[in-house]
Amino acid sequence: RPRVLSGIQPTAGSFHLGNYLGAVRQWVALQEDHDAFYCVVDLHAITVEQNPKELRQNTRVSAAQLLALGIDPDRATLFVQSHVPEHAQLGWVMQCLTGFGEASRMTQFKDKSARQEAAVGVGLFTYPILQAADILLYQAHYVPVGEDQRQHLELTRDLATRFNSRYGKTFRLPEAYIVKDTAKIYDLQEPTAKMSKSVPGGVVELLEDPKRSAKKIRSAVTDTGREIIFDVENKPGVSNLLTIFSALTGRSVESLVQDYDGKGYGDLKKDLGEVFTEWVTPVQDRVRMYLDDVASLDKILAAGAERARDVASGTLRRTYEKIGFVLPE
Ligand code: AQP
13 RPRVLSGIQP
23 TAGSFHLGNY
33 LGAVRQWVAL
43 QEDHDAFYCV
53 VDLHAITVEQ
63 NPKELRQNTR
73 VSAAQLLALG
83 IDPDRATLFV
93 QSHVPEHAQL
103 GWVMQCLTGF
113 GEASRMTQFK
123 DKSARQEAAV
133 GVGLFTYPIL
143 QAADILLYQA
153 HYVPVGEDQR
163 QHLELTRDLA
173 TRFNSRYGKT
183 FRLPEAYIVK
193 DTAKIYDLQE
203 PTAKMSKSVP
213 GGVVELLEDP
223 KRSAKKIRSA
233 VTDTGREIIF
243 DVENKPGVSN
253 LLTIFSALTG
263 RSVESLVQDY
273 DGKGYGDLKK
283 DLGEVFTEWV
293 TPVQDRVRMY
303 LDDVASLDKI
313 LAAGAERARD
323 VASGTLRRTY
333 EKIGFVLPE
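Numbering of the sequence shown is given in the UniProt record's numbering, commencing with residue 13 and proceeding in unit increments.
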């Protein structure tokens, strides 16, 4: 079975709808017929300052959300990145292989560092290199992510190619698995910008009170005109709502457009608020259930880490050997 690997940051509060539709929804589908590895990337989280108590809580809440959204620990390997030390170890190897100029071209770093008020750490700069190590350790065929990660995937492939040509074939070249329709969910208040936790406003959070989400959806910025049609160029707000509506219900955008023929933006937004509430309420119930039994949750993560280490340690050993490190007996 082809291998997939992906990770998500233990975001404070909760995941947002962009994380779910752009990434986690694909994770759930792929676990059916792939050998899937999914991790909560806490090492990535400390690239910006974290409160220790909150980080620990956010990591568990993230794992609970993944389970509640449909990741099945019997089918997929679900783990916490810091439980598998090989990530940091291969991360160092990859750093030594990366050009400074090459790393400087990463647009996400440019965006994030420009937005950050606190001093920018080197970890934020080398973030995509650690991400490359995350992927290469598992010899993943596919990496299900949103559009914003495409450049990081290219870097990963470049580093794998470089290592392979310098030391001999070691890493598989992974491919981004990006579902076009939901590759980029937009901010509800600014529908030409990516929905993102660091730009609060038009972000729908999965664990907030659904009434609040429905209100955000009802007050989403729509476009001039009245017609409900899918036209990303000229009607980004309405198109974004149609994308979300379609993804949550499984109905095609065309059939939604037909149904809303002659109706107003208000109707669409009100209905989408209800659709979201209906979808998210049982998800929230399941998150609570997992968090009520932290011991069992931690057990799931420990079992996942063990399976992940089995694969990761083999790759790291082969890598060390190729580099010329003396391997410990
Ligand atoms: N708006 C989005 N549309 C589609 N996919 C998205 N992803 C994030 N935002 C969107 C995808 O979610 C996965 C996990 O992302 P992450 O853990 O790297 O979180 P992030 O990218 O840091 O999330 P944010 O909210 O976008 O954070 P900031 O504001 O820090 O940039 C990834 O697969 C990502 O593509």
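Beta carbons: idealized from backbone N, C-alpha and C, even for Gly.
Taking all protein chains shown into account, T204 has fewer than 16 neighbouring C-beta atoms within 10 Å of its C-beta and is therefore exposed. For T89, the enclosing beta strand (DSSP E) has its first and last residue at A88 to V92.
Restricted to the stretch 30 to 55, the alpha helix (DSSP H) segments that are unbroken, complete and at least 4 residues in length are 37 to 42, listed in chain order. Taking P212 as reference, the option from P222, D221, K228 and K223 with the minimal CA-CA separation is K228. T138 has its alpha-carbon roughly 12 Å from the corresponding atom of K122. Taken through DSSP and simplified to helix, strand or coil, P140 comes out as helix. The nearest non-hydrogen atom of ligand 1 is less than 7 Å from the C-beta of G30.
Rounded to the nearest angstrom, the gap between the Cα atoms of N246 and F175 is 45 Å.
In this structure, Q161 has its CB closer than 7 Å to one or more heavy atoms of ligand 1.
Listed as beta-bridge partners of K206 by DSSP are Y198. Excluding the 5 residues flanking it on each side, A24 has same chain C-beta neighbours closer than 6 Å at N70, in chain order. Between ligand 1 and the CB of S94, the shortest heavy atom gap is not smaller than 7 Å.
From the listed residues V216, L185, G214 and G158, the smallest Cα separation to V191 is found for G158.
Leaving aside the five residues that flank S125 on each side, the residues in its chain whose CB is nearer than 8 Å to its CB run, in chain order, V132, L136 and F137. According to the DSSP assignment, V299 belongs to the alpha helix (DSSP H) that extends over Y277 to L303. For V155 against L55, the beta-carbon gap comes to about 17 Å, at or over 8 Å, which does not count as contact.
A straight-line Cα-Cα distance of about 8 Å links S231 and K281. In the assembly as shown, Q270 is an exposed residue. Its beta-carbon has fewer than 16 other beta-carbons within 10 Å. Around the Cβ of P85, a 10 Å sphere holds 16 or more other Cβ atoms; the residue is buried.
G103 has its CB no nearer than 7 Å to any heavy atom of ligand 1. Here T261 is not near V295, since their CB atoms are 8 Å or more apart.
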